[in-house]
Amino acid sequence: MTTNETSLRQCIEELSAKNTDYKFPEQAINQAESLKSLSSDLYTDNIRFIYELIQNADDAQARNISLTILEEKYFIIAHN
114 MTTNETSLRQ CIEELSAKNT DYKFPEQAIN QAESLKSLSS DLYTDNIRFI
164 YELIQNADDA QARNISLTIL EEKYFIIAHN
């Protein structure tokens, strides 16, 4: 049983690293696609979705928040 628990823990840690380290472009693409789906499904008002992202950063007590617009097409919100 210890082997299964260790294996499951290792699998979860690997998945977490794969999807949160942002060492690879596909991680950012995956996150962007997820947010795109979330925003279109939950929020009919685009401004409300942006407000929610900023509010999440505030709720997390972020000290540094970065808002960036790329190519007049992409809006990036990042916080620590």
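Each step along the sequence shown adds one to the number in the numbering used here, with nothing skipped, and position 11 is 124. Glycine residues also receive a C-beta, built at the ideal position from the N, C-alpha and C atoms.
Contact check for A170 and I182: beta-carbon distance about 17 Å, past the 8 Å limit, so the pair fails to qualify.
Beta-bridge partners of I182 (DSSP): F188. Less than 7 Å divides the Cβ of L166 from the Cβ of I190. Assignment of K136 by DSSP, reduced to helix, strand and coil, places it in the coil class.
Rounded to the nearest angstrom, the gap between the Cα atoms of A173 and T119 is 30 Å.
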